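Take a look at the structure below.
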Amino acid sequence: FRTRVGRAFMAIRDRDIAAEVIGVNLYRYKLYSFFISSFVVGIAGSLWAHYIEIITNEHFDITVSISYLAMIIIGGLGSVLGSVLGAVFIVLMPEMLRLLAGELSGSYPSIIGALASIREITFGVIIILFLIFEPEGLAAIWRRIYNYFHLWPFSY
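For the sequence shown, this note's numbering begins at 83 and goes up steadily by one.
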């Protein structure tokens, strides 16, 4: 970020009106940012298409979009660590729910019908809880735990 473009991106990120006042062309740099992100997403999509060897519209349903949104919200916006933590959480959560459903179905066989849509309901509840109680996501929780143990014997 020691280039002119990097400084412009940081100025726009911090306060776009102030960046415009100091002479940053908002339209140009926002378009440039969109171009860079589109390029990266295009490369990722082409690699994914090469990996699965076929592309159809069935691979892109609403649950995929909800999963990606949940990864970002739960992990925390504006942090690479948050994105990774959110992805790990969202990928492991259905497995944990499946194990929980297996345990509950042995004890309560009448609950099996209700467990079919528990994944989407759980996604919604977790997203709402993170938005209300921890808007900065798992990255902020990790940062607080790290700082606590980093400064542990001392309170300052």
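Virtual Cβ for every residue (Gly too), placed ideally from N, Cα, C.
All of these numbers come straight from a predicted model, not from anything done at the bench.
DSSP three-state label for residue 240, please. Because the chain spans 83 through 238 in this model, residue 240 falls outside it and cannot be assessed.
In whole angstroms, what is the alpha-carbon distance linking residue 209 and residue 163? Residue mapping note: residue 209 aligns to position 127 of the sequence shown, counting from 1. Residue mapping note: residue 163 aligns to position 81 of the sequence shown, counting from 1. If I take the Cα positions, the gap works out to 18 angstroms.
Please tell me whether residue 104 has its Cβ less than 7 angstroms away from any Cβ of chain C. Checking the listed chains, one finds no chain C in this structure; it contains a single protein chain.
How should residue 220 be labelled, buried or exposed, when 16 other C-beta atoms within 10 angstroms of its C-beta is the threshold for buried? Within the sequence shown, numbered from 1, the residue matching residue 220 stands at position 138. So residue 220 ends up on the buried side.
Can you give the Cα-Cα distance for residue 104 and residue 85, rounded to whole angstroms? Translated into the one-based positions of the sequence shown, residue 104 becomes position 22. Translated into the one-based positions of the sequence shown, residue 85 becomes position 3. Those two C-alpha atoms are separated by around 16 angstroms.
How about the stretch 143-162 and the stretch 204-218: do they share at least three Cβ pairs that are nearer than 8 angstroms? yes
Spatial distance of residue 173 from residue 146 (CA atoms): By one-based count along the sequence shown, residue 173 stands at place 91. By one-based count along the sequence shown, residue 146 stands at place 64. If you take the alpha carbons of residue 173 and residue 146, they lie about 12 angstroms apart.
Looking at residue 152: is its Cβ nearer than 7 angstroms to the Cβ of residue 205? One-based indexing of the sequence shown puts residue 152 at position 70. One-based indexing of the sequence shown puts residue 205 at position 123. Cβ atoms of residue 152 and residue 205: closer than 7 angstroms.
Coarse secondary structure for residue 204, derived from DSSP in three states: Counting from one through the sequence shown, the residue named residue 204 turns up at place 122. Helix at residue 204.
Does the stretch 90-99 come close enough to the stretch 109-120 to have 3 or more Cβ pairs within less than 8 angstroms? yes
Return the chain-ordered list of same chain residues with a C-beta closer than 7 angstroms to the C-beta of residue 142, the five sequence neighbours on each side being excluded. If you number the sequence shown from 1, residue 142 lands on position 60. Around residue 142: no qualifying Cβ.
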